[in-house]
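Letter by letter, the sequence shown follows residues 8 to 324 of this note's numbering. Don't be surprised by glycine CBs; every beta carbon is placed ideally from N, CA and C. Only one structure is covered here, and it is reproduced in the block below.
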Amino acid sequence: MRHIFIINPVAGNKPQKENFYSEILDICRKSDIDPLVFISEYPGYEKEMTEKICTLFSNEFLRFYSVGGSGTLVNIISGIKDFTRTEVACYPTGLSNDILKSYGDTAGEFKSLENLINGRVDYLDVIDVNGYKTLNFTNIGLGNSCFNDSLLFKLMGSLRAALNYGVGIFWDILRNKCYHYNIMIDGKNYSGKYAIFTCFNGVCMGSSIMPLKDPRPNDGVLNCLMVHKMSGFAQLRTLADFKKSRLDRCSEKITLVKGTNIAVSRRDRKKIVINCDGECVRTANALIRLTGEKLKFVVPQTAKLLEPTDLDPYTDE
8 MRHIFIINPV
18 AGNKPQKENF
28 YSEILDICRK
38 SDIDPLVFIS
48 EYPGYEKEMT
58 EKICTLFSNE
68 FLRFYSVGGS
78 GTLVNIISGI
88 KDFTRTEVAC
98 YPTGLSNDIL
108 KSYGDTAGEF
118 KSLENLINGR
128 VDYLDVIDVN
138 GYKTLNFTNI
148 GLGNSCFNDS
158 LLFKLMGSLR
168 AALNYGVGIF
178 WDILRNKCYH
188 YNIMIDGKNY
198 SGKYAIFTCF
208 NGVCMGSSIM
218 PLKDPRPNDG
228 VLNCLMVHKM
238 SGFAQLRTLA
248 DFKKSRLDRC
258 SEKITLVKGT
268 NIAVSRRDRK
278 KIVINCDGEC
288 VRTANALIRL
298 TGEKLKFVVP
308 QTAKLLEPTD
318 LDPYTDE
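If you want it as C-alpha coordinates, here you go:
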(Lines of atoms letter the chains of each structure in order from A and count residues from 1; the text may use other names and numbers.)
(Lines give C-alpha, C1' and ligand atoms only; values in the text may rest on other atoms or scores of the structure.)
Protein backbone atom coordinates (compact mmCIF):
# COMPACT_ATOMS: atom_id res chain seq x y z
CA MET A 1 0.00 0.00 0.00
CA ARG A 2 1.20 3.50 -0.80
CA HIS A 3 0.73 6.19 1.83
CA ILE A 4 0.12 9.67 0.38
CA PHE A 5 -0.14 12.77 2.56
CA ILE A 6 -1.62 15.97 1.14
CA ILE A 7 -1.18 19.01 3.38
CA ASN A 8 -3.24 22.17 3.10
CA PRO A 9 -0.81 24.75 4.54
CA VAL A 10 -3.46 27.46 4.99
CA ALA A 11 -6.02 25.31 6.82
CA GLY A 12 -6.78 26.33 10.39
CA ASN A 13 -5.91 29.41 12.37
CA LYS A 14 -2.14 28.89 12.55
CA PRO A 15 -0.68 27.14 9.51
CA GLN A 16 2.27 24.92 10.46
CA LYS A 17 3.23 23.12 7.28
CA GLU A 18 6.87 22.63 8.36
CA ASN A 19 5.78 21.02 11.64
CA PHE A 20 3.28 18.74 9.88
CA TYR A 21 5.86 17.74 7.28
CA SER A 22 8.47 16.84 9.91
CA GLU A 23 5.91 15.01 12.05
CA ILE A 24 4.74 12.92 9.10
CA LEU A 25 8.28 11.89 8.11
CA ASP A 26 9.14 11.08 11.73
CA ILE A 27 6.12 8.88 12.38
CA CYS A 28 6.32 7.13 9.01
CA ARG A 29 9.99 6.33 9.63
CA LYS A 30 9.07 4.65 12.91
CA SER A 31 6.35 2.65 11.13
CA ASP A 32 8.72 1.65 8.29
CA ILE A 33 6.61 3.58 5.75
CA ASP A 34 8.05 5.47 2.78
CA PRO A 35 5.42 8.22 2.29
CA LEU A 36 4.68 10.59 -0.55
CA VAL A 37 4.07 14.06 0.91
CA PHE A 38 2.58 16.97 -1.04
CA ILE A 39 1.83 20.52 0.07
CA SER A 40 -1.13 22.22 -1.61
CA GLU A 41 -0.08 25.21 -3.71
CA TYR A 42 -3.39 26.67 -4.92
CA PRO A 43 -7.19 26.11 -4.76
CA GLY A 44 -8.08 22.77 -6.32
CA TYR A 45 -4.52 21.42 -5.98
CA GLU A 46 -5.61 18.55 -3.73
CA LYS A 47 -8.13 17.28 -6.28
CA GLU A 48 -5.68 17.57 -9.19
CA MET A 49 -2.89 15.82 -7.30
CA THR A 50 -5.20 13.01 -6.19
CA GLU A 51 -6.31 12.45 -9.79
CA LYS A 52 -2.69 12.34 -10.99
CA ILE A 53 -1.63 9.90 -8.26
CA CYS A 54 -4.62 7.62 -8.93
CA THR A 55 -3.66 7.55 -12.61
CA LEU A 56 0.07 7.04 -11.98
CA PHE A 57 -0.48 4.18 -9.49
CA SER A 58 -3.66 2.77 -11.03
CA ASN A 59 -2.70 -0.83 -10.22
CA GLU A 60 -1.76 -0.20 -6.59
CA PHE A 61 -3.73 0.14 -3.37
CA LEU A 62 -3.56 3.73 -2.11
CA ARG A 63 -4.20 5.44 1.20
CA PHE A 64 -4.57 9.22 1.16
CA TYR A 65 -4.18 11.28 4.32
CA SER A 66 -6.04 14.59 4.25
CA VAL A 67 -4.07 17.04 6.42
CA GLY A 68 -6.34 20.07 6.62
CA GLY A 69 -9.99 20.94 7.05
CA SER A 70 -13.26 19.71 5.56
CA GLY A 71 -12.53 21.34 2.19
CA THR A 72 -9.21 19.51 1.86
CA LEU A 73 -10.97 16.20 2.49
CA VAL A 74 -13.68 17.01 -0.09
CA ASN A 75 -11.10 17.83 -2.75
CA ILE A 76 -9.19 14.60 -2.18
CA ILE A 77 -12.34 12.47 -2.32
CA SER A 78 -13.44 14.28 -5.50
CA GLY A 79 -10.18 13.28 -7.18
CA ILE A 80 -10.49 9.54 -6.51
CA LYS A 81 -11.11 7.44 -9.59
CA ASP A 82 -11.56 3.98 -8.05
CA PHE A 83 -12.99 3.68 -4.53
CA THR A 84 -12.29 -0.07 -4.42
CA ARG A 85 -8.51 0.55 -4.43
CA THR A 86 -8.41 3.64 -2.24
CA GLU A 87 -8.61 4.52 1.45
CA VAL A 88 -8.82 8.03 2.90
CA ALA A 89 -7.81 9.22 6.38
CA CYS A 90 -8.60 12.61 7.90
CA TYR A 91 -5.95 14.26 10.08
CA PRO A 92 -7.85 17.35 11.30
CA THR A 93 -5.90 20.61 11.20
CA GLY A 94 -8.55 22.92 9.74
CA LEU A 95 -11.12 25.25 11.25
CA SER A 96 -13.68 22.48 11.13
CA ASN A 97 -13.75 18.78 10.29
CA ASP A 98 -17.47 18.20 10.63
CA ILE A 99 -17.57 14.57 9.48
CA LEU A 100 -15.62 13.64 12.63
CA LYS A 101 -18.50 14.93 14.79
CA SER A 102 -20.29 11.72 13.74
CA TYR A 103 -17.76 9.88 15.92
CA GLY A 104 -18.90 11.64 19.08
CA ASP A 105 -16.51 11.48 22.04
CA THR A 106 -13.99 9.44 20.05
CA ALA A 107 -13.43 12.22 17.46
CA GLY A 108 -10.34 13.41 19.35
CA GLU A 109 -8.56 10.17 18.51
CA PHE A 110 -8.25 11.33 14.88
CA LYS A 111 -5.69 13.95 16.01
CA SER A 112 -3.02 11.25 16.26
CA LEU A 113 -1.21 10.22 13.07
CA GLU A 114 -0.17 6.97 14.74
CA ASN A 115 -3.84 6.16 15.34
CA LEU A 116 -4.59 6.69 11.66
CA ILE A 117 -1.59 4.81 10.30
CA ASN A 118 -2.57 1.84 12.49
CA GLY A 119 -6.29 2.38 11.96
CA ARG A 120 -9.12 0.31 10.56
CA VAL A 121 -11.71 1.13 7.88
CA ASP A 122 -15.33 2.30 8.09
CA TYR A 123 -17.39 2.24 4.90
CA LEU A 124 -19.10 5.62 4.40
CA ASP A 125 -21.64 6.80 1.83
CA VAL A 126 -20.46 9.20 -0.87
CA ILE A 127 -22.53 12.21 -1.98
CA ASP A 128 -22.20 13.39 -5.57
CA VAL A 129 -23.07 17.02 -6.41
CA ASN A 130 -22.81 17.54 -10.17
CA GLY A 131 -19.61 15.49 -10.25
CA TYR A 132 -18.18 16.88 -7.01
CA LYS A 133 -17.96 14.35 -4.16
CA THR A 134 -18.41 14.94 -0.46
CA LEU A 135 -19.19 13.01 2.73
CA ASN A 136 -20.99 15.09 5.30
CA PHE A 137 -23.49 17.70 4.05
CA THR A 138 -24.60 19.94 1.22
CA ASN A 139 -26.29 23.27 1.84
CA ILE A 140 -28.03 26.01 -0.10
CA GLY A 141 -28.48 29.30 1.76
CA LEU A 142 -25.72 29.15 4.39
CA GLY A 143 -21.93 28.97 4.27
CA ASN A 144 -21.84 30.28 0.72
CA SER A 145 -21.29 34.03 0.65
CA CYS A 146 -18.75 34.27 3.50
CA PHE A 147 -16.38 31.74 1.89
CA ASN A 148 -16.49 33.69 -1.37
CA ASP A 149 -15.77 37.08 0.22
CA SER A 150 -11.95 37.12 0.29
CA LEU A 151 -11.67 39.98 2.80
CA LEU A 152 -14.13 38.43 5.24
CA PHE A 153 -12.59 34.97 4.81
CA LYS A 154 -9.16 36.40 5.68
CA LEU A 155 -10.62 38.06 8.78
CA MET A 156 -12.36 34.83 9.81
CA GLY A 157 -9.08 32.95 9.56
CA SER A 158 -7.74 34.91 12.53
CA LEU A 159 -10.60 33.83 14.80
CA ARG A 160 -11.07 30.61 16.74
CA ALA A 161 -13.34 28.05 15.05
CA ALA A 162 -16.57 28.59 17.02
CA LEU A 163 -16.41 32.39 16.67
CA ASN A 164 -15.25 32.04 13.07
CA TYR A 165 -18.35 30.14 12.02
CA GLY A 166 -20.57 32.38 14.11
CA VAL A 167 -19.32 35.39 12.15
CA GLY A 168 -19.74 33.52 8.87
CA ILE A 169 -23.29 32.41 9.61
CA PHE A 170 -24.33 35.88 10.80
CA TRP A 171 -22.88 37.35 7.60
CA ASP A 172 -24.72 34.78 5.48
CA ILE A 173 -28.04 35.44 7.23
CA LEU A 174 -27.68 39.16 6.53
CA ARG A 175 -27.22 38.41 2.82
CA ASN A 176 -29.38 35.32 2.46
CA LYS A 177 -32.54 35.72 0.41
CA CYS A 178 -35.49 33.38 0.13
CA TYR A 179 -36.14 32.02 -3.35
CA HIS A 180 -38.65 29.73 -4.98
CA TYR A 181 -36.83 26.44 -5.52
CA ASN A 182 -37.92 23.57 -7.71
CA ILE A 183 -37.10 20.52 -5.57
CA MET A 184 -37.62 16.85 -6.40
CA ILE A 185 -36.66 14.21 -3.83
CA ASP A 186 -36.84 10.62 -5.09
CA GLY A 187 -39.42 11.69 -7.65
CA LYS A 188 -41.66 13.60 -5.23
CA ASN A 189 -42.21 17.36 -5.57
CA TYR A 190 -41.27 19.65 -2.65
CA SER A 191 -41.02 22.90 -4.61
CA GLY A 192 -41.65 26.15 -2.75
CA LYS A 193 -40.08 29.24 -1.20
CA TYR A 194 -37.24 28.36 1.14
CA ALA A 195 -34.52 30.16 3.05
CA ILE A 196 -32.25 27.14 3.56
CA PHE A 197 -32.04 23.67 2.04
CA THR A 198 -29.61 21.17 3.59
CA CYS A 199 -28.88 17.49 2.98
CA PHE A 200 -27.24 15.84 5.99
CA ASN A 201 -25.21 12.66 5.70
CA GLY A 202 -23.45 13.31 9.02
CA VAL A 203 -24.74 15.04 12.13
CA CYS A 204 -22.94 18.40 12.00
CA MET A 205 -22.69 21.47 9.77
CA GLY A 206 -20.63 24.62 10.30
CA SER A 207 -18.73 23.33 13.34
CA SER A 208 -21.67 23.38 15.79
CA ILE A 209 -25.04 23.21 13.98
CA MET A 210 -26.53 19.77 14.74
CA PRO A 211 -30.32 19.94 14.31
CA LEU A 212 -30.84 16.21 13.68
CA LYS A 213 -29.72 13.36 15.89
CA ASP A 214 -30.16 10.41 13.56
CA PRO A 215 -28.15 11.05 10.34
CA ARG A 216 -25.37 8.49 9.97
CA PRO A 217 -22.81 8.61 7.15
CA ASN A 218 -23.19 4.88 6.46
CA ASP A 219 -26.98 4.37 6.51
CA GLY A 220 -27.59 4.78 2.76
CA VAL A 221 -29.91 7.78 2.99
CA LEU A 222 -29.69 11.60 2.97
CA ASN A 223 -31.59 13.63 5.55
CA CYS A 224 -33.07 16.70 3.85
CA LEU A 225 -34.01 19.74 5.93
CA MET A 226 -35.92 22.60 4.28
CA VAL A 227 -36.37 25.91 6.13
CA HIS A 228 -39.42 27.76 4.86
CA LYS A 229 -39.41 31.41 3.76
CA MET A 230 -38.78 33.72 6.72
CA SER A 231 -37.02 36.94 7.69
CA GLY A 232 -33.32 37.09 8.53
CA PHE A 233 -34.12 37.54 12.23
CA ALA A 234 -36.37 34.48 12.15
CA GLN A 235 -33.57 32.52 10.45
CA LEU A 236 -31.21 33.40 13.31
CA ARG A 237 -33.74 32.19 15.88
CA THR A 238 -34.32 28.99 13.92
CA LEU A 239 -30.57 28.32 13.71
CA ALA A 240 -30.30 28.86 17.46
CA ASP A 241 -32.90 26.10 17.87
CA PHE A 242 -30.96 23.91 15.41
CA LYS A 243 -27.77 24.25 17.45
CA LYS A 244 -29.60 22.80 20.45
CA SER A 245 -31.54 20.18 18.42
CA ARG A 246 -34.83 21.81 19.49
CA LEU A 247 -36.84 20.98 16.38
CA ASP A 248 -40.07 21.02 18.39
CA ARG A 249 -39.76 24.81 18.64
CA CYS A 250 -39.65 25.30 14.87
CA SER A 251 -41.55 22.30 13.47
CA GLU A 252 -44.02 24.51 11.57
CA LYS A 253 -41.16 26.33 9.83
CA ILE A 254 -39.36 23.29 8.44
CA THR A 255 -39.89 20.21 6.31
CA LEU A 256 -37.87 17.03 6.86
CA VAL A 257 -37.55 14.33 4.22
CA LYS A 258 -35.28 11.33 3.67
CA GLY A 259 -34.06 10.49 0.17
CA THR A 260 -31.20 9.45 -2.07
CA ASN A 261 -31.71 11.45 -5.27
CA ILE A 262 -32.41 15.19 -5.14
CA ALA A 263 -32.77 17.75 -7.94
CA VAL A 264 -32.75 21.47 -7.08
CA SER A 265 -33.04 24.59 -9.22
CA ARG A 266 -34.35 28.12 -8.87
CA ARG A 267 -37.61 28.98 -10.57
CA ASP A 268 -35.97 32.07 -12.09
CA ARG A 269 -33.31 29.74 -13.57
CA LYS A 270 -30.42 31.66 -12.02
CA LYS A 271 -27.42 29.79 -10.64
CA ILE A 272 -27.39 28.58 -7.07
CA VAL A 273 -24.35 28.12 -4.83
CA ILE A 274 -24.12 24.78 -3.02
CA ASN A 275 -21.83 24.45 -0.02
CA CYS A 276 -20.34 20.94 -0.02
CA ASP A 277 -18.56 20.59 3.33
CA GLY A 278 -17.00 24.03 2.84
CA GLU A 279 -16.34 23.81 -0.91
CA CYS A 280 -18.75 25.70 -3.16
CA VAL A 281 -20.32 24.44 -6.40
CA ARG A 282 -22.19 26.84 -8.70
CA THR A 283 -24.85 25.52 -11.03
CA ALA A 284 -28.31 26.28 -12.39
CA ASN A 285 -29.39 22.66 -11.95
CA ALA A 286 -28.11 20.81 -8.89
CA LEU A 287 -28.19 17.03 -8.80
CA ILE A 288 -27.44 15.72 -5.30
CA ARG A 289 -27.34 11.95 -4.89
CA LEU A 290 -25.76 9.07 -3.05
CA THR A 291 -23.50 7.33 -5.54
CA GLY A 292 -23.93 3.82 -4.16
CA GLU A 293 -20.14 3.67 -3.71
CA LYS A 294 -18.59 3.31 -0.29
CA LEU A 295 -15.52 5.26 0.76
CA LYS A 296 -12.99 3.31 2.81
CA PHE A 297 -12.60 5.86 5.60
CA VAL A 298 -9.63 5.18 7.87
CA VAL A 299 -10.43 5.60 11.57
CA PRO A 300 -8.56 4.87 14.83
CA GLN A 301 -9.08 1.33 16.11
CA THR A 302 -11.29 2.48 18.99
CA ALA A 303 -13.25 5.19 17.11
CA LYS A 304 -16.98 4.55 16.97
CA LEU A 305 -19.84 6.15 15.07
CA LEU A 306 -22.65 7.59 17.18
CA GLU A 307 -25.55 5.20 17.72
CA PRO A 308 -28.81 6.06 15.87
CA THR A 309 -31.49 7.58 18.05
CA ASP A 310 -34.95 6.09 18.40
CA LEU A 311 -36.41 9.54 17.74
CA ASP A 312 -37.49 10.07 14.13
CA PRO A 313 -38.61 13.66 13.48
CA TYR A 314 -39.33 13.17 9.78
CA THR A 315 -42.65 14.26 8.30
CA ASP A 316 -42.29 12.14 5.21
CA GLU A 317 -40.19 9.25 3.98
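Given residue i, which residues of its chain have a CB within under 6 Å of its CB, disregarding the five upstream and five downstream residues?
i	result
Ser85	Lys54, Tyr139, Lys140
Ile295	Val136, Thr145, Cys206, Ile269
Asp248	Arg256, Cys257
Asn143	Asp105, Ile106, Asn208, Gly209, Asp284
Thr93	Leu69, Ile87
Asn122	Glu116, Pro307
Ile190	Tyr197, Ser198, Val271
Residues in the same chain with beta-carbon distance under 8 Å from residue i, minus the five sequence neighbours each way, listed in chain order, please.
i	result
Thr113	Pro307, Thr309, Ala310, Lys311
Lys88	Glu58, Cys61, Thr62, Ser65
Lys260	Val234, His235, Met237, Ala241, Thr245
Tyr130	Asn225, Lys301, Leu302, Lys303, Phe304
Glu314	none
Phe185	Here the sequence assigns Cys to residue 185, which means Phe is not the residue at that position. Closer than 8 Å at the Cβ level, and outside the excluded window around Cys185, lie Lys200, Tyr201, Ala202, Lys236, Met237.
Ile83	Ile13, Glu53, Lys54, Thr57, Phe71, Ser73, Val95
Gly227	Asp132, Thr267, Leu297
Leu80	Ser73, Val95, Cys97, Asn104, Ile106, Leu142, Asp284
Phe90	Val133, Glu300, Lys301, Leu302, Lys303
What are the boundary residues of the beta strand (DSSP E) that includes residue i?
i	result
Asp135	127 to 136
Lys120	The displayed chain sequence assigns Leu, not Lys, to residue 120. Not the beta strand (DSSP E): Leu120 falls in the alpha helix (DSSP H), residues 120 to 124.
Ile106	No beta strand (DSSP E) contains Ile106, which DSSP labels as neither H nor E.
Ala270	268 to 273
Leu3	Any property of residue 3 remains undetermined from this structure, which presents the chain solely from 8 to 324.
Lys140	139 to 141
Thr100	From DSSP, Thr100 is part of no beta strand (DSSP E); its letter is neither H nor E.
Thr145	144 to 147
Taking the alpha helix (DSSP H) that residue i belongs to, which residues open and close that run?
i	result
Val81	77 to 85
Thr91	Note, Thr91: premise wrong, no alpha helix (DSSP H); not H, not E.
Thr283	At residue 283 the sequence reads Cys, which differs from the Thr that was named. Segment 279 to 283 is the beta strand (DSSP E) holding Cys283; no alpha helix (DSSP H) there.
Apart from the five residues on each side of it in sequence, which residues of its chain come closer than 7 Å, Cβ to Cβ, to residue i?
i	result
Pro50	none
Pro99	Leu107, Phe117, Lys118
Thr26	The identity of residue 26 in the sequence shown is Asn, whereas the question assumes Thr. Nothing meets the Cβ criterion.
Pro222	Phe207, Asn208, Gly209, Val210, Asn230
Ser38	Ile124
Our contact map puts residue i next to residue j with C-beta atoms below 8 Å; I'd like the distance itself, whole angstroms only.
i	j	result
Leu120	Glu30	7 Å
Met56	Ile13	6 Å
Ile203	Ile281	Actually they are not in contact, since the Cβ atoms of Ile203 and Ile281 sit about 12 Å apart, beyond 8 Å.
Arg273	Tyr188	6 Å
Ile192	Val264	5 Å
Cys35	Ser73	Not a contact, Cβ separation roughly 16 Å.
Val133	Phe304	The pair is not a contact, with the Cβ atoms about 10 Å apart (cut-off 8 Å).
Arg9	Leu43	7 Å
Gly111	Gly76	With a Cβ gap of about 20 Å, Gly111 and Gly76 do not count as contacting.
Pro16	Ile40	That belief does not hold up - the Cβ atoms of Pro16 and Ile40 are roughly 22 Å apart, past 8 Å.
Leu229	Leu219	11 Å between Cβ atoms; not a contact.
When you compare the CB of residue i with every CB in chain B, is at least one pair closer than 8 Å?
i	result
Ala202	Absent from the structure is chain B; it holds one protein chain and no more.
Taking 8 Å as the threshold, find out whether the segment 208 to 217 comes into contact with the segment 189 to 198 through three or more Cβ pairs. no
contact_flag[the segment 245 to 255, the segment 282 to 289] where n(CB pairs < 8 Å) is 3 or more: no
Hey, which unbroken runs of the beta strand (DSSP E) at 3 residues or more fall wholly within the segment 190 to 264? 199 to 207, 229 to 235
Does the segment 261 to 274 come into contact with the segment 64 to 79, if we say contact requires no fewer than three beta-carbon pairs (one atom in each stretch) closer than 8 Å? no
Segment contact flag, the segment 107 to 126 with the segment 272 to 286, C-beta cutoff 8 Å, min 3 pairs: no
Ignoring anything shorter than 3 residues or poking outside the segment 8 to 61, list the beta strand (DSSP E) runs there in chain order. 9 to 14, 43 to 46
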